[in-house]
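These notes concern the structure reproduced below.
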């Protein structure tokens, strides 16, 4: 099964929003290859072809509640746990390019 | 005077209700025990002295009563607690104070349970040794150089070290049962949906389930009953009464019960000493009047790979919420870096190696081109494992196996070999994939260390675990002349 390259790991890290060090990428490429080699056994299960997938252990569907407004957590309590807040809102770093 | 930390939860609650001792005295005795031994064990990440004593005072004032009123408990640090730090064993949530209580936390408070503090765990519950905690490992009270299991090693060790008679764990692939097995305690993963996940920091939402840790089967049943039951705030919570677990734990009779040994969960891969204690316990069940057979669950051989595709996939999605905006750590916010750069730097700094490994693995398994071969196939295998369980339960009331392939291993022994660590969950994972309840209880020692037997039951038949566990425990205590934990070495205080 797959040989996972360092470049692939770097791509996955970018998708996952993980700014990994070069040494971490090297280590993960080796480890993922071993782990994927082991989990790839799953392809040996040939009688799975026509089987429906299970997404959840206990089938429950369409759980509704009455459409009634209930109190939310107090805003100041929630913002107290945020890394940065301003004017009653979460403060985030720059989200647009300088020249945008 | 009796050492209050040696009492069971049942004995503790009875002594408090009879006013032989106050809840404050009980709480203080356990806080003192923590102060004396937790430097060596490191079961707790945070001790809430003030909150514990305040709750004990409420019990003493008669403001709250019930079968567990005044009983101390260690709460796994994955369950949120209003006003009390919750880290999930991770740097990314260091210092975060949740603004709300989990349903489990609320129910414990309402039952008069005294929460002593938050217990140590592998970061985000990913691990089998508690060595992946960002705050250092927990040590096994039986041998401080060994692991207490994981991810709920803190909860199991707290119970085994008499720091608390009860604890709450969570079990995604064995994180309650494997620690119970290697610490000589009782641990139960209830039926999926049997205990609310509201306020449980999510790892793998289709598998995560909170449950009781205790020193006896009956204590576990009382705790199970206290935290279980429908919760409208968790849409996957089962809208049905809690199975009659307490009554079943008291029955101590397995006459005519059909017990089946799962062929695929014995033999190769299990230490000889573990296999011997397991075989002896099965023979004892037969002596007690159960009928014992063997069943084959052929797809269990693929439970481990299915789990290590499904759980990391769900984790990679769930852990996206740690975005450096709403809670926890923020790194690199220098006014120049973009949100995306700050997010990436924060997550790289805040997550440990195992968490990064699983996020990357899950992202890979979910990527286009690989989705069908990995995640899709794993979900189909999950269906086949469920069918194996259903077929086995046509001829058996419960299934049994060793709970863990080996006894507690030395700290550090498997830290550099993720696959060897993952194999610790060999026997426990099938029940998570199926959703059924499962218990580990102590059945003896191998190499001087505890061995656990696992009982697995059909979904919403949790009482069967307690019926088997209660009967087996009583017979073993007769044989041993007391609980297994009584033979654990004394911790130096």
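Protein chains in written order, with the working numbering: chain A, 447 to 546; chain B, -15 to 477. We put the beta carbon where it would ideally sit given N, CA and C, even for glycine. For clarity, every value in this text was computed on a predicted model and none was experimentally measured.
(request) Ignore the nearest five residues each way along the sequence and tell me which others in residue 536(A)'s own chain have a CB closer than 8 Å to its CB. (result) What you label residue 536(A) is simply residue 90 of the first chain in a count that begins at 1. Cβ within range, chain order: 525, 528, 530.
(request) Assuming residue 407(B) contacts residue 288(B) (C-beta within less than 8 Å), just tell me the rounded distance between them. (result) Walking along the second chain from the start, residue 407(B) turns up at place 423. Walking along the second chain from the start, residue 288(B) turns up at place 304. Rounded, the Cβ-Cβ distance is 7 Å, consistent with contact.
(message) Please tell me whether residue 126(B) has its Cβ less than 8 Å away from any Cβ of chain A.
(response) As a first step, residue 126(B) must be located in the second chain, where it is residue number 142. Chain A places no beta carbon closer than 8 Å to that of residue 126(B), leaving this residue out of the contacts.
(message) Comparing C-alpha positions only, which one of 81(B), 447(B), 275(B) sits nearest to residue 30(B)?
(response) Position 46 of the second chain holds residue 30(B). The residue with the shortest Cα to Cα distance from residue 30(B) is 81(B).
(message) Quick check: is the beta carbon of residue 480(A) nearer than 8 Å to any beta carbon in chain B?
(response) Reading the first chain from its first residue, position 34 is the one you call residue 480(A). Yes, its Cβ sits closer than 8 Å to a Cβ of chain B.
(message) Does chain A have any CB closer than 8 Å to the CB of residue 353(B)?
(response) As a position in the second chain, residue 353(B) is number 369, starting the count at 1. No, its Cβ sits nowhere closer than 8 Å to a Cβ of chain A.
(message) Whole angstroms are fine: how far does the CA of residue 307(B) sit from the CA of residue 397(B)?
(response) Counting from 1 along the second chain, the entry for residue 397(B) is found at position 413. Counting from 1 along the second chain, the entry for residue 307(B) is found at position 323. For residue 397(B) and residue 307(B), the distance between alpha carbons rounds to 33 Å.
(request) Use the C-beta contact count for residue 508(A): other C-beta atoms within 10 angstroms, 16 or more gives buried, fewer gives exposed. (result) If you number the first chain from 1, residue 508(A) lands on position 62. Exposed, by the Cβ-count rule.
(message) If distances are taken between C-alpha atoms only, which option among -10(B), 456(B), 5(B), -2(B) comes closest to residue 236(B)?
(response) Here residue 236(B) refers to the residue found at position 252 when the second chain is read from its first residue. Residue 456(B) is the option with its Cα nearest to residue 236(B).
(request) Give me whichever residues DSSP pairs with residue 279(B) in a beta bridge. (result) Translated into the one-based positions of the second chain, residue 279(B) becomes position 295. Note: residue 279(B) sits in a beta bridge opposite 246(B).
(message) If the cut-off is 7 Å on Cβ atoms, which residues from the segment 208 to 225 of chain B count as contacting chain A, listed in chain order?
(response) Per Cβ criterion, the list reads 216, 219, 220, 222.
(message) I'd like to check one pair, residue 421(B) with residue 441(B): are the Cβ atoms closer than 8 Å?
(response) The residue labelled residue 441(B) in the question sits at position 457 within the second chain. The residue labelled residue 421(B) in the question sits at position 437 within the second chain. For residue 441(B) and residue 421(B), yes; Cβs fall inside 8 Å.
(message) If you reduce the DSSP assignment to three classes, tell me which class residue 379(B) lands in.
(response) The sequence position of residue 379(B) within the second chain is 395, counting from 1. In the structure shown, residue 379(B) sits in a helix (DSSP, three-state: H, G or I).
(message) Spatial neighbours of residue 372(B) within its chain, please: C-beta separation below 7 Å, excluding the five flanking residues on both sides.
(response) In the second chain, counting from the first residue as 1, residue 372(B) sits at position 388. Result list for residue 372(B): 281, 282, 283, 284, in chain order.
(message) If you measure between the beta carbons of residue 278(B) and residue 245(B), is that distance less than 8 Å?
(response) Here the question's residue 278(B) lines up with position 294 in the second chain. Here the question's residue 245(B) lines up with position 261 in the second chain. Here residue 278(B) is near residue 245(B), since their CB atoms are less than 8 Å apart.
(message) Considering Cα atoms alone, identify which of 447(B), 304(B), 428(B) is closest to residue 464(B).
(response) In the second chain, the residue the question calls residue 464(B) occupies position 480. Residue 428(B) is the option with its Cα nearest to residue 464(B).
(request) Name the two residues that bound the continuous beta strand (DSSP E) containing residue 173(B). (result) Position 189 of the second chain holds residue 173(B). Run containing residue 173(B): 170 to 173, per the beta strand (DSSP E) assignment.
(request) Please list the partners that residue 73(B) has in chain A, where partner means a Cβ-to-Cβ separation under 7 Å. (result) Position 89 of the second chain, counting from 1, holds the residue named residue 73(B). Per Cβ cutoff of 7 Å: no residues; residue 73(B) is ~18 Å from chain A at best.
(request) To the nearest angstrom, report how far apart residue 458(B) and residue 233(B) are at their CA atoms. (result) Here residue 458(B) corresponds to residue number 474 of the second chain, with the count starting at 1. Here residue 233(B) corresponds to residue number 249 of the second chain, with the count starting at 1. Going by the C-alpha atoms only, they are around 10 Å apart.
(request) With a threshold of 16 other CB atoms inside 10 Å of the CB of residue 38(B), please say whether the residue is buried or exposed. (result) Your numbering for residue 38(B) matches position 54 in the second chain. Its Cβ having fewer than 16 others within 10 Å, residue 38(B) is exposed.
(request) Taking a Cβ distance cut-off of 9 Å, strictly less, list which residues of the segment 325 to 357 of chain B are near chain A, in chain order. (result) Answer in chain order: 325, 326, 327, 328, 329, 330, 331, 332, 333, 335, 337, 340, 341, 343, 344, 345, 346, 347, 348, 349, 351, 354, 357.
(request) Check residue 471(B) in the structure and name its three-state DSSP category. (result) Taking the first residue of the second chain as 1, we reach residue 471(B) at position 487. Of the three classes helix, strand and coil, the one that applies to residue 471(B) here is helix, per DSSP.
(request) Select from the segment 501 to 531 of chain A all residues with a C-beta closer than 8 Å to any C-beta belonging to chain B, and list them in chain order. (result) Residues 501, 502, 503, 504, 506, 509, 511, 519, 520, 523, 524, 526, 527, 528, 529, 530.
(request) Output, in sequence order along the chain, the residues in the segment 272 to 285 of chain B whose CB is closer than 8 Å to any CB in chain A. (result) Cβ contacts with chain A: 283.
(message) Taking 8 Å as the limit between beta carbons, can you name the residues of its chain near residue 392(B), skipping five residues before and five after?
(response) As a first step, residue 392(B) is located in the second chain; it is residue number 408 there, counting from the start. Beyond the five residues adjoining it in sequence on each side, residue 392(B) comes within less than 8 Å, by CB distance, of 124, 126, 127, 130, 131, 132, 133, 166, 167, 433, 434 in the same chain, given in chain order.
(request) Examine chain A for any beta-carbon lying closer than 8 Å to the beta-carbon of residue 51(B), and answer yes or no. (result) Residue mapping note: residue 51(B) aligns to position 67 of the second chain, counting from 1. No - not a single Cβ of chain A is within 8 Å of the one on residue 51(B).
(request) Tell whether a beta-carbon distance below 8 Å holds between residue 187(B) and residue 103(B). (result) Translated into positions along the second chain, residue 187(B) becomes position 203. Translated into positions along the second chain, residue 103(B) becomes position 119. Contact: no.
(request) Measure the C-alpha to C-alpha separation of residue 231(B) and residue 88(B) and round it to an integer number of angstroms. (result) On the second chain, position 247 is the one that residue 231(B) refers to. On the second chain, position 104 is the one that residue 88(B) refers to. CA-to-CA, the gap between residue 231(B) and residue 88(B) works out to about 22 Å.
(request) State yes or no: is the beta carbon of residue 287(B) nearer than 8 Å to at least one beta carbon in chain A? (result) If you number the second chain from 1, residue 287(B) lands on position 303. Answer no: the Cβ-Cβ gap between residue 287(B) and chain A never drops below 8 Å.
(request) Verify whether the separation of the beta carbon atoms of residue 336(B) and residue 116(B) is less than 8 Å. (result) As a position in the second chain, residue 336(B) is number 352, starting the count at 1. As a position in the second chain, residue 116(B) is number 132, starting the count at 1. In this structure, residue 116(B) lies closer than 8 Å to residue 336(B) by Cβ.
(message) Can you give me the C-alpha to C-alpha distance between residue 171(B) and residue 92(B), rounded to a whole angstrom?
(response) Walking along the second chain from the start, residue 171(B) turns up at place 187. Walking along the second chain from the start, residue 92(B) turns up at place 108. Each residue's Cα considered, the two are about 17 Å apart.
(request) Any chance you could list the beta strand (DSSP E) runs of at least 3 consecutive residues sitting entirely within the segment 6 to 47 of chain B, in chain order? (result) Correct list: 28 to 31.
(request) Say yes only if the C-beta of residue 49(B) is nearer than 7 Å to one or more non-hydrogen atoms of the ligand SAM, and no if none qualify. (result) No copy of the ligand SAM appears in this structure; indeed no ligand is present at all.
(message) I need the straight-line Cα distance from residue 75(B) to residue 184(B), nearest angstrom please.
(response) Start at 1 with the first residue of the second chain, and residue 75(B) comes out as number 91. Start at 1 with the first residue of the second chain, and residue 184(B) comes out as number 200. The straight-line gap from Cα to Cα measures roughly 17 Å.
(message) Can you tell me whether residue 481(A) is buried or exposed? The criterion is at least 16 other CB atoms within 10 Å of its CB, across all chains shown.
(response) Mapped onto the first chain, residue 481(A) falls at position 35. Of the other Cβ atoms in all chains shown, 16 or more fall within 10 Å of the Cβ of residue 481(A); this residue is therefore buried.
(request) From the DSSP output, read off the bridge partner residues of residue 212(B). (result) To locate residue 212(B), count along the second chain from 1; it is residue 228. For residue 212(B), which the question treats as bridged, DSSP gives the partners 179(B).
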